[in-house]
Amino acid sequence: MDQQLRVFITVAEKKNFSRAAEELHMTQPAVSQYIRALEEDFNVRLLERSNKYVRLNKAGEIVYHHAKEIAGLHSRMNLLVDDLVNKASGPLSIGASYTFGEYVLPHIIAKMKDIYPEVKPAVVIGNTAEIAHSVLRHQLDVGIVEGHSNQDEHLSTKEFAKDTMILVAASHHPLVKQKTEIQIKDLENETWILREKGSGTREAAEKLFHQLDISPKEIMNFGSTQAIKEMIEAGSGVSLLSEWAVQKELRNGDLKTVDIKGLPLARNFFILTNSPFQTKALKVFVDMLHKEKELTEFSKADRLG
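According to this note's numbering, the sequence shown is numbered sequentially starting from 679.
Now the structure itself:
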């Protein structure tokens, strides 16, 4: 990658010329010279400077955003060329939505590390929209998400596993103990504890609302599946969650399924990539995802003990 851009990225992130020079093993005047040359190339100032800070201005934000993307592409290019003559190794940045990332991915990575110890995975967990955005910007090599985002049309999207969504409540919740058939109005009057907008789990819940033609009177939003489970166990409401996410709670009896027409709800998981080329590290990871589908599509008996 162009040295000017490398220096610029470092100064922008360190917010200090001296710290950037130390990071780059350069002198501070040399760093300043690179920044001045870059600003002359663009014919615009990119950094606001004072005795107390160095920060990006609007033009600098544009250059920084694209420079990071260029850096990601440059790194991937080097890895691809290196892969031609070497075995699977090196860094692999994996993004996953919360359900898959927290409850399934750790098992797959553990097995991959046993087989390919030279691959160095780094995992980012976020909602579907966040992961898709990072893959699109080349900040992640691969993403595993449930649901869709408005960025999918620009990415390579491949379905690879299925998931089951169930309605859960505390074991002492009235809907669990109710002996008569649950009515739609019962669900509409419930407090629904859901993931935030942009989450694939939230998308599944909204699909269910549309399917049942209901508009819940109260919805509480949480950015964590674990927090949702804690709220439900406390008897604060109901939620639509993946069976993967609640298998322990169902097995221990802390949560129970609420049987209603239209459930369980099936959904798919997708692999997102943003390049026709794959490093060997990425290829062996994707191959393992397909080969190890029993880890993600194990039987209900196994899930619930």
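Note that CB positions come from ideal geometry on N, CA and C, so glycine has one too.
Residue i classed as buried or exposed, judged by whether at least 16 other C-beta atoms fall within 10 angstroms
i	result
I772	buried
G878	buried
K791	exposed
K934	buried
R929	exposed
R945	buried
S728	exposed
T858	exposed
A800	exposed
F955	exposed
T720	Rather than Thr, the amino acid found at residue 720 in this sequence is Phe. It counts as exposed.
V797	buried
I910	buried
V685	buried
A883	buried
A788	exposed
Same chain, Cβ closer than 7 Å to residue i, five either side skipped, listed in chain order
i	result
F695	V689, Q706, V709, S710 and V732
R880	L872, R873 and E874
L967	I786, F838 and I949
K692	A698 and E701
Rounded Cβ spacing between residue i and residue j (contact assumed at less than 8 Å)
i	j	result
L770	D819	6 Å
T951	S775	So it is not a contact: roughly 15 Å between Cβ atoms.
S902	R754	Contact flag wrong, Cβ pair sits at about 31 Å.
E739	R815	Actually they are not in contact, since the Cβ atoms of E739 and R815 sit about 14 Å apart, beyond 8 Å.
F887	E824	Rounded, the Cβ-Cβ distance is 17 Å, inconsistent with contact.
Y712	W922	Actually they are not in contact, since the Cβ atoms of Y712 and W922 sit about 49 Å apart, beyond 8 Å.
L865	L890	7 Å
Identity of the residues DSSP links to residue i by a beta bridge
i	result
D965	Its beta-bridge partners do not exist; DSSP assigns none.
T869	E896
T842	A944
L933	A848
E780	Paired residue(s): none; E780 is not in a bridge.
L950	G821 and T835
V801	I772
L734	L725
V916	W870
Beta-carbon proximity list for residue i, same chain, < 6 Å, skipping 5 on both sides
i	result
L702	T688
V936	L845, A847 and L853
Beta-carbon contacts of residue i that lie in its chain and below 8 Å, excluding the five residues immediately before and after
i	result
V924	I844, V846, K907 and L933
A737	F720, V722, R723 and L724
- Inter-stretch contact at 8 Å, needing at least 3 Cβ pairs: the segment 865-876 / the segment 891-911: These segments touch.
Practice item. Kindly confirm or deny that the segment 941-954 and the segment 841-857 touch, where touching means at least three C-beta pairs closer than 8 Å. Key: yes
- Check whether the segment 791-809 touches the segment 911-922, taking contact to mean three or more Cβ pairs, one atom from each stretch, closer than 8 Å. no
Check your understanding: Given 8 Å as the limit, is there contact between the segment 850-859 and the segment 957-965, that is, 3 or more CB pairs closer than that?
Key -> no
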